[in-house]
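Numbering (the UniProt record's numbering), first residue to last: 1 to 752.
Ideal Cβ placement from N, Cα and C applies to all residues, glycine included.
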Amino acid sequence: MNREGIGKREKYSGAVVLSVGIISQQGANLTTRRVASRIALFQITIHSWIMYNYYSASIVSARLSEPLDMMEDSVTVLADSKLKIAAEAVPYLNYFLYKLNWESDYFRKKRWDPLPESKRYLPIEEGIKQVSQGILAYHTDPNTAYPYVERMFDSNKICELTEIHLFKQSVMGMYASHNGQFIEIAKIGLTKMFNTGLRDRQIKQWSSRKPQCQPDTLSTRSITIYETAPALILLALGIPLADDIEIIKVLNDAGILVSIKRLDSNIDVSRFLETTYWKLGVFMDLRCPFADSDAANIFYEASAHYMFDHLHNWLILEENGRNVTETMQSLNDSTFSIITDFVISISKDDECILYDVYNHCKHCGGSLNVVELGTWTRINGLNVDLLEDKFTRRWNYNKLKVKAAGIVTARPKDQDLLEYLQQQDTALVDNWSKFGYSMLIEIAAMFNLTNGPLMAGLKQRDFDVGYFPSILTNDRLNYANVALQVWPARTCFMFRTVPSLITDMNLIFRPFETTVWYMVCLLSIVIISTLWLIWKVHKQSDYGESTLILIAALCQQAMVSSRLNVPLNKMNDSLYSLVKSKIKLVAHKEVFFNVLINSPAPDVQYFRRHWEAIPEEKRFEDLDEGVRRILKPGFAYLADPIVIYPLIERIFTKQMICQLTEVHLLRPSSLGMWTARHGQFHEITKIGLIRITTSGIRHRQVKRWYSRKPYCDMDKHYVSSVTIRETIPFILLLLVGILLSIIICLIENMVF
Numbered sequence: 001m002n003r004e005g006i007g008k009r010e011k012y013s014g015a016v017v018l019s020v021g022i023i024s025q026q027g028a029n030l031t032t033r034r035v036a037s038r039i040a041l042f043q044i045t046i047h048s049w050i051m052y053n054y055y056s057a058s059i060v061s062a063r064l065s066e067p068l069d070m071m072e073d074s075v076t077v078l079a080d081s082k083l084k085i086a087a088e089a090v091p092y093l094n095y096f097l098y099k100l101n102w103e104s105d106y107f108r109k110k111r112w113d114p115l116p117e118s119k120r121y122l123p124i125e126e127g128i129k130q131v132s133q134g135i136l137a138y139h140t141d142p143n144t145a146y147p148y149v150e151r152m153f154d155s156n157k158i159c160e161l162t163e164i165h166l167f168k169q170s171v172m173g174m175y176a177s178h179n180g181q182f183i184e185i186a187k188i189g190l191t192k193m194f195n196t197g198l199r200d201r202q203i204k205q206w207s208s209r210k211p212q213c214q215p216d217t218l219s220t221r222s223i224t225i226y227e228t229a230p231a232l233i234l235l236a237l238g239i240p241l242a243d244d245i246e247i248i249k250v251l252n253d254a255g256i257l258v259s260i261k262r263l264d265s266n267i268d269v270s271r272f273l274e275t276t277y278w279k280l281g282v283f284m285d286l287r288c289p290f291a292d293s294d295a296a297n298i299f300y301e302a303s304a305h306y307m308f309d310h311l312h313n314w315l316i317l318e319e320n321g322r323n324v325t326e327t328m329q330s331l332n333d334s335t336f337s338i339i340t341d342f343v344i345s346i347s348k349d350d351e352c353i354l355y356d357v358y359n360h361c362k363h364c365g366g367s368l369n370v371v372e373l374g375t376w377t378r379i380n381g382l383n384v385d386l387l388e389d390k391f392t393r394r395w396n397y398n399k400l401k402v403k404a405a406g407i408v409t410a411r412p413k414d415q416d417l418l419e420y421l422q423q424q425d426t427a428l429v430d431n432w433s434k435f436g437y438s439m440l441i442e443i444a445a446m447f448n449l450t451n452g453p454l455m456a457g458l459k460q461r462d463f464d465v466g467y468f469p470s471i472l473t474n475d476r477l478n479y480a481n482v483a484l485q486v487w488p489a490r491t492c493f494m495f496r497t498v499p500s501l502i503t504d505m506n507l508i509f510r511p512f513e514t515t516v517w518y519m520v521c522l523l524s525i526v527i528i529s530t531l532w533l534i535w536k537v538h539k540q541s542d543y544g545e546s547t548l549i550l551i552a553a554l555c556q557q558a559m560v561s562s563r564l565n566v567p568l569n570k571m572n573d574s575l576y577s578l579v580k581s582k583i584k585l586v587a588h589k590e591v592f593f594n595v596l597i598n599s600p601a602p603d604v605q606y607f608r609r610h611w612e613a614i615p616e617e618k619r620f621e622d623l624d625e626g627v628r629r630i631l632k633p634g635f636a637y638l639a640d641p642i643v644i645y646p647l648i649e650r651i652f653t654k655q656m657i658c659q660l661t662e663v664h665l666l667r668p669s670s671l672g673m674w675t676a677r678h679g680q681f682h683e684i685t686k687i688g689l690i691r692i693t694t695s696g697i698r699h700r701q702v703k704r705w706y707s708r709k710p711y712c713d714m715d716k717h718y719v720s721s722v723t724i725r726e727t728i729p730f731i732l733l734l735l736v737g738i739l740l741s742i743i744i745c746l747i748e749n750m751v752f
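Written out as structure tokens, the structure reads:
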């Protein structure tokens with residue numbers, strides 16, 4: 001301004017006012033003649049224009065909430081597109097292309113057949129790599145592709161992933177030979193797997209989880225030249241499937257097999273009486289001249305192989321004049337329970353008297369109970385006196401001691417265990433055990449049970465019922481039974497997501513695509529030429545001034561900028577992403593941590609290798625210290641959300657709560673209440689839990705012992721400060737312009 005001849009009083013204040021006016025988008029009244037002055041003014045206006053255009057284009061336009069313009073789920077649309085195609089070499093591909101439907105036939109004739117054989121197939125890894133680059137449509141089984149997608153795609157690419165089905169989602173069948181001997185048993189087995197949930201569990205084990213797209217992970221996309229075109233409407237096609245299995249049940253119930261074998265000392269009881277898929281009626285006729293030792297051996301072997309259960313119904317035929325107590329002396333009732341169906345028939349004159357025999361639990365101190373069931377005569381047939389179901393008439397356990405066990409980690413030494421298990425406080429530690437004990441109390445109230453000492457050892461059968469809900473694993477199912485899945489549980493790494501701390505030099509160019517920048521430059525040249533021609537007519541030709549006026553006109557447009565709509569670039573809920581982020585990891589030491597870290601899931605095994613590289617002394621922190629460290633960005637803490645949520649709600653601000661990100665180690669699951677394998681209390685526990693669930697008591701207990709997730713008010717926006725890293729590109733541009741102006745100013749002073 002000194003070189004422009006402005007007065008001494010005005011040049012200092014004028015420089016300040018001019019700079020503030022331009023940066024604040026309020027305009028400036030200054031016409032410069034010298035090159036150095038014009039460059040200085042030019043770079044200030046460019047700096048202001050780019051910064052405000054960045055915010056107006058990327059934030060005010062709220063592009064983060066715009067849906068992606070995805071292709072319709074139709075192979076005919078894919079065939080008409082210009083995308084390159086390739087496929088994984090799988091044996092069923094030709095069937096889909098040649099014999100499926102008219103759409104696949106259209107796709108094959110238009111795109112697949114003209115494709116050279118050498119370009120049709122790619123390995124799965126190379127195919128997914130090209131998909132991530134946006135140059136290829138690759139056909140494969142999603143279960144095969146999803147793990148590669150989760151490892152190779154970032155959060156934005158996962159959300160941009162489009163699926164077009166060559167073969168729509170369907171349910172595949174299991175086949176057997178036509179009119180084969182095993183078709184019925186296969187149906188029965190598959191039906192039982194459906195009913196018990198084994199099929200669903202196997203599907204979860206062998207299918208891959210689709211990588212999650214979280215709407216708040218999308219970052220700002222560049223504005224394209226084509227965005228004025230109408231958006232395509234995505235069609236969501238769902239095929240509802242319903243499996244009618246009543247016919248299979250009827251066939252199962254109609255299958256009746258009979259086998260007769262002579263009783264002797266060499267009989268293989270485990271092989272002869274073994275059944276897995278249907279009930280077996282066992283009739284022993286002791287009226288024949290058999291040794292008492294042979295009968296006792298049958299009962300001993302049957303008890304050793306747990307054959308007094310749901311699948312075995314016993315009827316013992318005794319000779320006339322025999323006393324029922326004599327028959328009971330040869331019984332081995334060590335595995336009798338409330339579900340045992342064991343009837344002894346004693347002949348007396350022209351009728352048979354039937355006795356119902358059971359024992360609730362021998363190792364709990366129970367004894368054999370004998371109740372007259374009914375009579376049978378040749379004339380009148382069967383007459384049953386006990387018309388109630390066996391559970392109702394056998395509910396009286398006669399003060400037997402049922403041993404229950406669980407795990408607690410934070411009980412004060414001077415506090416009674418039962419009092420601690422019923423105590424509800426703000427620090428929800430041992431909440432799994434407290435919930436399980438509450439469920440056990442409900443069962444006790446339902447069946448008139450009373451409390452006794454708590455012990456450990458399901459596997460050794462030191463106790464009968466466990467009140468600590470536990471994770472279901474294949475190993476545990478080998479030595480204990482699941483009564484019912486009752487407790488919703490999950491564990492996750494928690495950390496704060498804050499605005500990016502990485503300097504991006506492309507920030508100033510991101511609001512517009514390259515084509516848009518070219519269009520702006522072209523229009524600028526046209527406008528400059530037009531202004532020059534206008535001034536030429538008025539005999540005031542000046543290229544520099546026409547250029548400066550154009551830049552000033554572009555840069556002095558009022559902009560409304562806001563950081564209110566800036567979404568947090570949250571991490572995808574994936575252990576792969578967590579490991580790649582290289583943030584510090586620490587966990588809360590839980591009793592079930594080793595079970596989680598040893599899960600066979602591929603993502604957990606991948607994470608485990610990273611976890612084991614962390615020194616042992618740096619792996620675990622207590623809750624208070626862990627939550628305190630979450631306050632600082634770049635730190636993730638693993639804990640049960642139910643335990644940590646109350647601490648977060650007290651310590652975190654509302655903005656920090658909205659920044660909280662969760663990556664699951666144990667995905668949302670239902671934990672089971674366990675009983676001893678082949679235990680006598682399994683059925684009564686299962687019945688009690690089912691009643692508790694259907695009556696809503698379980699839901700009420702879950703609410704009681706569950707912690708509410710801290711609420712993030714999405715309607716209330718929190719303005720995050722502009723970080724120095726976000727403004728570095730603009731500051732560098734400003735410094736370059738100032739330096740260039742100073743150099744030219746020095747050259748002018750030296751030359752002129």
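Endpoints, the alpha helix (DSSP H) within which Arg378 is located: Working through the sequence shown from its first residue, we reach residue 378 at position 378. That residue, Arg378, is in no alpha helix (DSSP H); it is neither H nor E in DSSP.
Rounded separation between Leu115 and Ala87 - CA only: Position 115 of the sequence shown holds residue 115. Position 87 of the sequence shown holds residue 87. Approximately 12 Å, taken between the alpha carbons.
3 or more residues per run - each beta strand (DSSP E) lying fully within the stretch 65-90: 84-87
Nearest to Tyr637 (by Cα), restricted to the options Pro615, Asp622, Ala296, Leu368: Here residue 637 is taken as the residue at index 637 of the sequence shown, counted from 1. Ranking Pro615, Asp622, Ala296, Leu368 by Cα distance to Tyr637 puts Asp622 first.
Beta-carbon contacts of Leu735 that lie in its chain and below 7 Å, excluding the five residues immediately before and after: Within the sequence shown, the letter at position 735 stands for residue 735. Within the same chain, Leu735 has no close Cβ partners at all.
Bounding residues of the beta strand (DSSP E) (the contiguous stretch that carries Pro668): Residue numbering aside, residue 668 sits at position 668 when the sequence shown is read from its first letter. First-last of the beta strand (DSSP E) with Pro668: 660-676.
For Lys390, three-class secondary structure by DSSP: Against the sequence shown, residue 390 aligns to sequence position 390. Helix, per DSSP.
Euclidean distance between Cα positions of Ile339 and Leu373: Position 339 of the sequence shown, counted from the first residue, corresponds to residue 339. Position 373 of the sequence shown, counted from the first residue, corresponds to residue 373. Cα-Cα distance, rounded: 15 Å.
Chain-order list of residues whose beta-carbon lies under 6 Å from that of Gly366 (same chain, five-residue window excluded): By one-based count along the sequence shown, residue 366 stands at place 366. For Gly366, where only same-chain residues beyond five positions count, the Cβ hits under 6 Å are Asn359, His360, Leu400.
Extent of the continuous alpha helix (DSSP H) run through Ile614: To locate residue 614, count along the sequence shown from 1; it is residue 614. In the DSSP assignment, Ile614 falls outside any alpha helix (DSSP H), carrying neither H nor E.
Where Val751 falls, given that 16 or more other Cβ within 10 Å makes a residue buried: Start at 1 with the first residue of the sequence shown, and residue 751 comes out as number 751. When all chains shown are included, Val751 counts as exposed.
Endpoints, the alpha helix (DSSP H) within which Tyr106 is located: For the purposes of this step, residue 106 is taken as the residue at position 106 of the sequence shown. First-last of the alpha helix (DSSP H) with Tyr106: 102-107.
Given 8 Å, three or more beta-carbon pairs between the stretch 572-591 and the stretch 634-648: yes
Local conformation of Ala410 per DSSP, three classes: As a working note, residue 410 is residue 410 in the sequence shown. Ala410 falls in the coil class under three-state DSSP.
Status (buried if at least 16 other CB within 10 Å, exposed otherwise) for Glu318: Residue 318 sits at position 318 when you count from the first residue of the sequence shown. Result: buried.
Local Cβ density within 10 Å of Gly127, reported as buried at 16 or more and exposed below that: Position 127 of the sequence shown, counted from the start, is the residue given in the question as residue 127. Gly127 comes out buried.
C-alpha distance - Asn313 paired with Phe681, whole-angstrom precision: In the sequence shown, counting from the first residue as 1, residue 313 sits at position 313. In the sequence shown, counting from the first residue as 1, residue 681 sits at position 681. Using only the alpha carbons, I get a separation of about 19 Å.
Residues bridged to Met656 [DSSP beta-bridge criterion]: For the purposes of this step, residue 656 is taken as residue 656 along the sequence shown, with counting starting at 1. Answer is none; Met656 lacks a bridge partner.
Touching by the beta-carbon criterion (3+ pairs, under 8 Å), the stretch 153-161 and the stretch 194-213: yes
Leu311 versus Thr392 - alpha carbon distance: Numbered from 1 along the sequence shown, position 311 holds the residue referred to as residue 311. Numbered from 1 along the sequence shown, position 392 holds the residue referred to as residue 392. When rounded, the distance between both Cα atoms is 19 Å.
Unbroken beta strand (DSSP E) run spanning Phe283, endpoints: Counting from one through the sequence shown, the residue named residue 283 turns up at place 283. Taken as a continuous stretch (DSSP letters only), the beta strand (DSSP E) holding Phe283 covers 280-285.
Beta carbon of Phe342 nearer than 8 Å to that of Phe495: Here residue 342 refers to the residue found at position 342 of the sequence shown. Here residue 495 refers to the residue found at position 495 of the sequence shown. The answer is no: Cβ separation not under 8 Å.
Reduced DSSP secondary structure (H/G/I, E/B, other) of Asn313: Against the sequence shown, residue 313 aligns to sequence position 313. If DSSP states are grouped into helix, strand and coil, Asn313 belongs with the strands.
Residue(s) in a DSSP beta bridge with Arg496: If you number the sequence shown from 1, residue 496 lands on position 496. DSSP output for Arg496 lists Leu660 as bridge partner(s).
Assigned secondary structure, Asp341 (DSSP; H/G/I helix, E/B strand, else coil): Sequence index remark: in the sequence shown, residue 341 carries index 341 (1-based). In this structure, Asp341 counts as strand in the three-state DSSP scheme.
Alpha-carbon spacing of Pro123 relative to Phe96, whole angstroms: The residue labelled residue 123 in the question sits at position 123 within the sequence shown. The residue labelled residue 96 in the question sits at position 96 within the sequence shown. Cα-Cα distance, rounded: 19 Å.
Whole-angstrom distance between Ala145 and Ile614, CA atom to CA atom: Within the sequence shown, the letter at position 614 stands for residue 614. Within the sequence shown, the letter at position 145 stands for residue 145. Cα to Cα, the separation comes out at about 30 Å.
Bounding residues of the beta strand (DSSP E) (the contiguous stretch that carries Phe635): Start at 1 with the first residue of the sequence shown, and residue 635 comes out as number 635. Looking at the DSSP string, the run of the beta strand (DSSP E) that includes Phe635 is 635-639.
Cβ-Cβ distance between Tyr576 and Glu150 below 8 Å: Looking up residue 576 in the sequence shown gives position 576. Looking up residue 150 in the sequence shown gives position 150. Yes, the pair counts as a contact, with Cβ atoms nearer than the cut-off.
Distance CB(Gln485)-CB(Gly672) smaller than 8 Å: Indexing the sequence shown from 1 puts residue 485 at position 485. Indexing the sequence shown from 1 puts residue 672 at position 672. Result yes, Cβ atoms of Gln485 and Gly672 sit closer than 8 Å.
Buried or exposed (CB count within 10 angstroms, at least 16 for buried), Ser670: Reading the sequence shown from its first residue, position 670 is the one you call residue 670. Looking at its Cβ environment, which holds fewer than 16 other Cβ atoms inside 10 Å, Ser670 is exposed.
Simplified DSSP state of Asp624, which is helix, strand or coil: On the sequence shown, position 624 is the one that residue 624 refers to. DSSP places Asp624 in helix when its eight states are reduced to three.
6 Å Cβ shell around Leu83 - same chain, five flanking residues per side excluded: For the purposes of this step, residue 83 is taken as residue 83 along the sequence shown, with counting starting at 1. Correct list, in chain order: Ala137.
Cα-Cα separation, Gly688 to Val498: For the purposes of this step, residue 688 is identified with residue 688 of the sequence shown, where counting begins at 1. For the purposes of this step, residue 498 is identified with residue 498 of the sequence shown, where counting begins at 1. In a straight line, the C-alpha of Gly688 is about 48 Å away from that of Val498.
Straight-line gap, Asp573 to Leu100 (C-alpha atoms, nearest Å): Taking the sequence shown and counting its residues from 1, the one referred to as residue 573 is at position 573. Taking the sequence shown and counting its residues from 1, the one referred to as residue 100 is at position 100. Near 36 Å, if we compare the C-alpha coordinates of Leu100 and Asp573.
Contact under 8 Å by Cβ, Val269 with Ile316: Position 269 of the sequence shown, counted from the start, is the residue given in the question as residue 269. Position 316 of the sequence shown, counted from the start, is the residue given in the question as residue 316. Their beta carbons are not under 8 Å apart, which means Val269 does not touch Ile316 by this criterion.
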